[in-house]
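Comments concern the structure below.
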Amino acid sequence: MTTPTPVYIPVEVCSAVGLPASSPLGSCMDKVQSEVSADAVAAPAADVPGLREVVRGAADRGVDLKVVVLAQSPPIDTPLRDIATEVGQAHPGSTVLVLSPGWAGSYSNTYDRVLLEAGQDVAKLAPNPVQGAQNFVDQLSTPIFPWTEFTIFLVVGVAGAAVATRFLRAAAARHSS
Numbered sequence: 403m404t405t406p407t408p409v410y411i412p413v414e415v416c417s418a419v420g421l422p423a424s425s426p427l428g429s430c431m432d433k434v435q436s437e438v439s440a441d442a443v444a445a446p447a448a449d450v451p452g453l454r455e456v457v458r459g460a461a462d463r464g465v466d467l468k469v470v471v472l473a474q475s476p477p478i479d480t481p482l483r484d485i486a487t488e489v490g491q492a493h494p495g496s497t498v499l500v501l502s503p504g505w506a507g508s509y510s511n512t513y514d515r516v517l518l519e520a521g522q523d524v525a526k527l528a529p530n531p532v533q534g535a536q537n538f539v540d541q542l543s544t545p546i547f548p549w550t551e552f553t554i555f556l557v558v559g560v561a562g563a564a565v566a567t568r569f570l571r572a573a574a575a576r577h578s579s
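Quick note, my numbering runs 402 ahead of the 1-based positions in the sequence shown.
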């Protein structure tokens, strides 16, 4: 599997590290990477203590979580995944969550996209980034219904019922003749 290359990093990433939007994007991403490397969190100062606690709790559950919080949302939500991908590529094995007001993006080589997007859905609906990050971790830790096993069981059951019906009909036909 090849890792996707980030396409669009928005200027709003600068808000995660307290730099003005007019700053060069490279310096903003460098500071994001530096803060994430230091304590797994790049966010406005008010959110950092709570997010550090969420990251510690995630580590206790076996999730190597990195969190980036943008103070403003970009015009579209897809760049959040690009930011997450860039941070994730710099921190192999980690799961990255990027939040902005009303949106979320993520990256992971550990969890599949369906589970990540389910986590994003509950993260972006939270009233604040700390609760959103906690909701994301909780979703990653929630067992998913085993649809594959259920489908196999159902197919085998239907096939067995069809075979049993065929044998019963054949036996009934022999008995009535």
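Using N, Cα and C, we set each Cβ at its ideal position, and we do this for glycine too.
Across the structure, Gly-534 and Thr-497 are spaced so that their CA atoms are roughly 15 Å apart. Ranking Ile-411, Val-409, Ala-418 and Tyr-410 by CA distance to the CA of Pro-503 puts Ala-418 first.
Relative to the Cα of Asp-449, the nearest Cα in the group Ala-520, Gln-536, Val-565 and Ala-423 belongs to Gln-536.
The DSSP-derived three-state label of Leu-467 is strand. Cβ-Cβ distances below 8 Å link Val-456 to Leu-467, Val-469, Val-532, Ala-535, Gln-536 and Val-539 in the same chain, with the five nearest sequence neighbours on each side left out; the list follows chain order. Rounded to the nearest angstrom, the Cβ distance from Ile-546 to Leu-517 is 7 Å, consistent with a contact under 8 Å. Taking the Cα of Thr-487 as reference, the smallest distance to any Cα among Phe-555, Leu-499 and Ile-478 is reached at Leu-499.
When rounded, the separation of the alpha-carbon atoms in Ser-429 and Leu-421 is 9 Å. A direct Cα-to-Cα measurement between Leu-482 and Thr-553 gives close to 34 Å.
Within its own chain, the residues whose Cβ lies closer than 6 Å to the Cβ of Ala-506, once the five positions on either side in sequence are excluded, are Gln-522, Ala-525 and Lys-526, listed in chain order.
For Leu-527, the secondary structure class from DSSP, reduced to helix, strand or coil, is coil. If the five residues before and after Ser-475 are omitted, its C-beta is found closer than 8 Å to the C-beta atoms of Glu-414, Ser-502, Pro-503, Gly-504 and Trp-505, all from its own chain and listed in chain order. A residue is called buried when at least 16 other Cβ atoms come within 10 angstroms of its Cβ; Tyr-410 does not meet this threshold and is exposed. Nearest neighbour of Tyr-509 by Cα position, chosen from Ala-444, Ile-485, Pro-529 and Ser-578, turns out to be Ile-485. When the Cα atoms are used, Val-565 and Arg-576 turn out to be separated by approximately 17 Å. In the three-state DSSP reduction, Gly-507 falls in the strand class (E or B).
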